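Some notes on the structure that comes next.
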Amino acid sequence: MLDTTTPVKKSGVGRAFRRARFLIPATVIGLLALISLFPAPFASLFGNGDPRQCDLINSGKPPVEGHPFGFDIQGCDLYANVIYGANPSITIGIIVTVSALVLACILGLLSGYYGGWFDNILGRITDVFYGFPFMVAAIVILTSIGIRNVATVCITLAIFSWPTMTRVMRSSVMTEKNMEYVKAAKSLGSSDWRILFKHILPNAIAPVIVLSSLSIGGIIAGEAGLTYLGVGLQPPSISWGLQLNTAQNYFNSNPHLLLYPSLFLSATVLAFVLLGDAVRDALDPKLRT
Amino acid sequence: MSAAGSSSRPILEIRNLSISFLSDGSEKTAVNNVSLDVFEGETVALVGESGSGKSTTAAAVNQLLAENGRITSGEVFFEGRNLIGVGERELVKVRGAGIGLVPQDPSSNLNPVIRIGDQISEVLVAHGRARGRLAKAHAVELLEMVGITDAARRYRQYPHEFSGGMQQRVLIAIGLACRPKLLIADEPTSALDVTVQRTVLDQLEELTRQMGTSVLLITHNLALAAERADRILVMKQGEIVESGKTAEILQNPQHEYTRQLLAAAPSLTSESTTRESLTVRDRVTGGVNEESVELAESLVTVQNLTKVFPTRGTGLRAGPLFTAVDSIGFTIPRGQTVSLVGESGSGKSTTENLILGLEKATHGTIELEGVDLAKLSRRELFGFRRRVQPVFQNPYASLDPRFTIENTILEPFRVHKIESPARRREAVLTLLDQVALPSAVATRLPHELSGGQRQRVAIARALALSPDLVVLDEAVSALDVLVQAQILELLATLQYELGLSYLFISHDLAVVRMISHSLHVMQNGRIVESGTPEQIFGNPQAAYTRELLDAIPGASVATG
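Right under this line is the structure:
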């Protein structure tokens with residue numbers, strides 16, 4: 001999916017994409033995506049690939065041969081656990097971003113293009129979302145739903161991700177709708193549907209794409225945060241947030257419990273943020289030549 | 290001290306200046322081996338099309354080039370001192386104080402959140418000419434000097450409270466604040482209406498004469514340069530192709546390019562493009578209206594058309610109503626060109642939107658072959674759109690940047706679901722041929738084409754549905770003069786071949802005179818005068834029309 005080998009048509013975009021600033025985070029993300037889709041072969045790299053094969057005798061032991069990250073407090077292989085933990089993080093990051101992006105595009109198109117009462121009401125609703133402290137509201141929602149799995153965490157995070165994206169989309173739609181090519185399309189008799197999706201959407205989407213690729217990192221960190229606070233995923237799920245949650249009680253005596261999950265988490269978040277930066281440069285028409 | 294040199298040595302002396310820009314990893318030469326002199330008290334015009342390097346040359350004097358630009362060779366002497374290689378600190382002293390600058394676009398060159406007066410006194414303070422109350426008093430004086438009445442009150446206002454012409458005057462005041470020896474005026478009036486343009490330029494001329502300031506005037510408008518400059522330098526593709534005294538250049542241009550520019554510039558003496566084509570068409574086809582040329586069948590009849598907009602009020606109260614178009618009426622005969630002329634705010638664009646059916650009229654009727662536009666159902670309005678098509682002013686904004694040229698021209702067929710895919714593709718090639726574009730452009734994107742080529746694409750798109758009426762909204766105003774001439778010729782040819790009617794909306798009287806069969810002058814939403822070009826240009830009745838005609842740059846040059 002992250003093809004860098006097929007020739008890119010638009011040379012300017014292609015050049016920007018081919019820059020190292022894009023390649024490095026893209027490689028890291030590609031690797032993480034592979035890990036999250038097919039954890040088993042990666043987990044068994046050092047011979048002990050089952051995250052649930054635990055032996056309390058090994059509880060909290062530091063790295064030994066075959067167990068490069070050591071053992072967690074249950075005596076399970078920490079490396080296998082960290083590898084399996086990639087899946088929920090990346091799944092949540094991508095699902096939340098894509099669903100918030102789709103919602104933001106639709107709402108932004110409608111409110112930016114038509115304006116009027118719809119725009120007013122939507123504007124006030126987003127204001128309400130800006131008024132809540134995110135963590136408090138997320139804790140309230142997750143506690144009141146009671147079920148804590150990937151789906152509910154996704155919904156909670158998505159609820160707080162769409163408002164900013166919608167605002168950005170709305171403002172770029174408002175810029176595009178006054179362009180003469182839109183007026184030309186109107187005089188041709190194009191339907192609103194056609195104008196919105198064929199003309200305005202492709203031209204207005206760049207800023208919100210950039211914003212969403214920047215926000216994947218934040219969402220992954222948000223998931224880990226919620227899980228760490230005990231309102232996100234619950235055991236027996238495997239996730240970096242849960243591993244950090246457990247590690248907090250032991251990080252004086254067994255610092256490796258905290259170190260490895262947080263290293264992976266930071267690397268993932270950083271890779272997505274850097275990718276977002278690279279995408280922004282690539283989509284910026286001023287940097288295209 | 291070197292007083293002896295002042296009369297013989299020019300204020301500004303550019304020697305063999307070359308500038309290149311780095312883009313795509315390769316250097317492109319924008320200015321090549323340019324030399325020019327500006328003597329004390331003299332106005333020198335640098336004339337050329339966009340991309341000719343005239344603004345770059347001017348920017349090099351102040352060394353305010355874009356980041357990827359580089360002076361590769363040459364020298365710039367200001368008052369005998371070479372500015373190339375001088376440190377930034379020294380340059381700051383020269384900019385504003387020794388060399389003033391009047392930039393092009395007043396709306397983006399004034400800081401919207403700073404009071405007008407403070408923006409003027411800033412220059413004085415920056416160069417240590419005055420401070421505090423003295424700076425303010427001086428700034429008020431400057432405002433008065435550039436012809437702004439009630440200057441003390443105006444001092445405290447913000448840029449948005451000034452009209453475009455007044456903003457440009459403020460920029461002139463800033464440029465002249467430190468009484469510079471040299472003023473660089475980069476297209477100082479191209480963003481302004483023609484009557485405003487004239488008063489602003491008069492003011493500039495008067496002030497620089499009083500102060501003895503030399504002016505380097507950058508413009509694309511040869512007629513304007515002819516009227517204002519002592520000497521003219523013509524630039525093309527980074528080189529000066531011709532230079533000399535204004536009168537000499539006008540009467541006896543040596544270079545082929547200057548001759549082309551002079552020939553292409555629509556002026557009050559240009560030949561009309563309409564006459565012959567119309568008579569020939571009527572003689573050859575005669576099919577549209579066999580009876581007579583005089584009483585051509587009218588395609589569109591506009592009667593009593595009025596459009597009123599509510600304005601934004603304060604608090605809960607609605608604002609006063611604004612009448613953009615005030616009971617106007619005219620007809621567009623089949624196969625002819627009718628023009629609406631006026632300055633910004635005269636209601637031309639609103640009229641255009643009404644005729645395109647993009648807005649609803651408050652009163653009055655627009656009839657296309659006797660059918661009232663306002664009474665059309667949704668379906669009928671859809672059909673109406675096939676018959677009336679627009680071409681807009683800005684070729685950079687009127688094409689979807691992500692559509693290939695082929696897709697842009699296919700769009701009308703897709704929207705109206707006509708023709709099979711194979712026939713459509715054929716039609717695209719025919720249309721491209723009609724607007725004289727090679728078929729190879731079909732796969733390109735708009736940003737790969739020049740402004741003139743884009744405008745041809747916009748025309749092809751408008752023609753795709755074989756309309757009866759094409760509404761041309763300032764369709765040639767954004768183009769360079771040579772390209773403009775080509776597009777005007779294309780429009781005349783298409784009218785002749787396809788029997789099109791044009792509604793031509795423009796502020797440019799010279800162009801209107803060339804292309805129209807009849808024209809209407811608009812002011813404040815009303816038509817103040819109507820007639821054929823001969824009547825209006827030969828014997829203008831309304832005072833406003835006379836004012837417009839007088840304001841055309843080069844009017845005096847053309848007649849004299």
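First to last, the sequence lines map onto chains A and B.
Each residue of the first sequence is one higher than the one before, starting from 1 at the first, in the numbering used here.
Each residue of the second sequence is one higher than the one before, starting from 290 at the first, in the numbering used here.
Glycine included, every Cβ here is placed at the ideal spot set by N, Cα and C.
Predicted model only: the values in this text are computed from it and were never measured.
Check: E700 of chain B at chain A interface by Cβ criterion, 8 Å; Outcome: yes
Check: Contact set between P679 of chain B and chain A, taken where Cβ atoms lie within less than 7 Å; Outcome: A184, S187
Check: Extent of the continuous alpha helix (DSSP H) run through P235 of chain A; Outcome: Premise fails: P235 of chain A is in no alpha helix (DSSP H) and is neither H nor E.
Check: Buried/exposed call for G576 of chain B, threshold 16 Cβ in 10 Å; Outcome: Here the model assigns G576 of chain B a pLDDT of 40, short of 50, so the residue's position is not dependable and the matter cannot be decided.
Check: Minimum Cβ-Cβ distance from A686 of chain B to chain A less than 8 Å; Outcome: yes
Check: C-alpha distance - R548 of chain B paired with Q540 of chain B, whole-angstrom precision; Outcome: 10 Å
Check: Cut-off 8 Å between Cβ atoms - residues of its own chain near K186 of chain A, not counting five sequence neighbours on either side; Outcome: I195
Check: Beta bridge counterpart(s) of H652 of chain B as assigned by DSSP; Outcome: B:T595
Check: Chain-order list of residues whose beta-carbon lies under 7 Å from that of L758 of chain B (same chain, five-residue window excluded); Outcome: L588, V589, I621, R676, V677, S790, L792
Check: Cβ pair I157 of chain A, V208 of chain A closer than 8 Å; Outcome: For clarity, residue 157 of chain A is Leu in the given sequence; the question names Ile instead. Going by C-beta atoms, L157 of chain A is not nearer than 8 Å to V208 of chain A.
Check: Cβ neighbours of Q424 of chain B in the same chain (closer than 7 Å, five flanking residues each side left out); Outcome: Here residue 424 of chain B is Ala; the residue named in the question, Gln, does not match the sequence. Hits under 7 Å: S410, L413, V414.
Check: Length at least 3, wholly inside the region 366 to 396 of chain B: the beta strand (DSSP E) runs in chain order; Outcome: 388 to 391
Check: 7 Å Cβ shell around L688 of chain B - same chain, five flanking residues per side excluded; Outcome: T697, P735, R743, V746, A747
Check: Separation of H652 of chain B from T639 of chain B, as counted between CA atoms; Outcome: 13 Å
Check: Partners in chain A for F671 of chain B, counting only beta-carbon separations shorter than 8 Å; Outcome: G189
Check: Pair within 8 Å by beta-carbon distance, T143 of chain A and V269 of chain A; Outcome: no
Check: Neighbour list for R623 of chain B in chain A, Cβ cutoff strictly below 7 Å; Outcome: Here the premise fails: no neighbours, minimum Cβ distance about 20 Å.
Check: Same chain only: Cβ atoms within 8 Å of D861 of chain B, ignoring 5 sequence neighbours per side; Outcome: Since the first residue shown for chain B is 290 and the last is 849, residue 861 of chain B is missing from the structure and cannot be characterised.
Check: Distance, N249 of chain A Cα to N275 of chain A Cα; Outcome: Just to set this straight, residue 275 of chain A is Leu in the shown sequence, not Asn. About 34 Å.
Check: L399 of chain B, buried or exposed, once every other Cβ within 10 Å from all chains shown has been counted against 16; Outcome: buried
Check: Beta-ladder partner(s) of L808 of chain B, from DSSP; Outcome: B:S628, B:G820
Check: Given 8 Å, three or more beta-carbon pairs between the region 426 to 445 of chain B and the region 250 to 260 of chain A; Outcome: no
Check: T27 of chain A, buried or exposed, once every other Cβ within 10 Å from all chains shown has been counted against 16; Outcome: exposed
Check: Contact between the region 333 to 351 of chain B and the region 299 to 317 of chain B (3+ Cβ pairs under 8 Å); Outcome: yes
Check: Per DSSP, cross-strand counterpart(s) of P622 of chain B; Outcome: B:S587
Check: Contacts of R691 of chain B in chain A (Cβ-Cβ under 9 Å); Outcome: H199, P202, N203
Check: Segments assigned alpha helix (DSSP H), at least 4 residues, entirely inside the region 674 to 722 of chain B; Outcome: 694 to 705
Check: Complete runs of the alpha helix (DSSP H) confined to the region 165 to 227 of chain A [at least 4 residues]; Outcome: 180 to 188, 201 to 204
Check: When B:G741, B:A462, B:I461 are compared against L768 of chain B, the one with the closest alpha-carbon; Outcome: B:G741
Check: Where Y295 of chain A meets chain B, residues with beta-carbon distance less than 7 Å; Outcome: For residue 295 of chain A there is no data in the structure shown, the boundaries of chain A being 1 and 289.
Check: Helix, strand or coil at F71 of chain A [DSSP, three-state]; Outcome: strand
Check: Integer Cβ distance of S161 of chain A from S239 of chain A, believed to fall under 8 Å; Outcome: So it is not a contact: roughly 19 Å between Cβ atoms.
Check: 8 Å Cβ cutoff, R167 of chain A in contact with chain B; Outcome: no
Check: Three-state secondary structure (DSSP) of L665 of chain B; Outcome: coil
Check: Beta-carbon gap between H449 of chain B and P395 of chain B smaller than 8 Å; Outcome: no
Check: Chain B within 8 Å of R194 of chain A, Cβ atoms only; Outcome: yes
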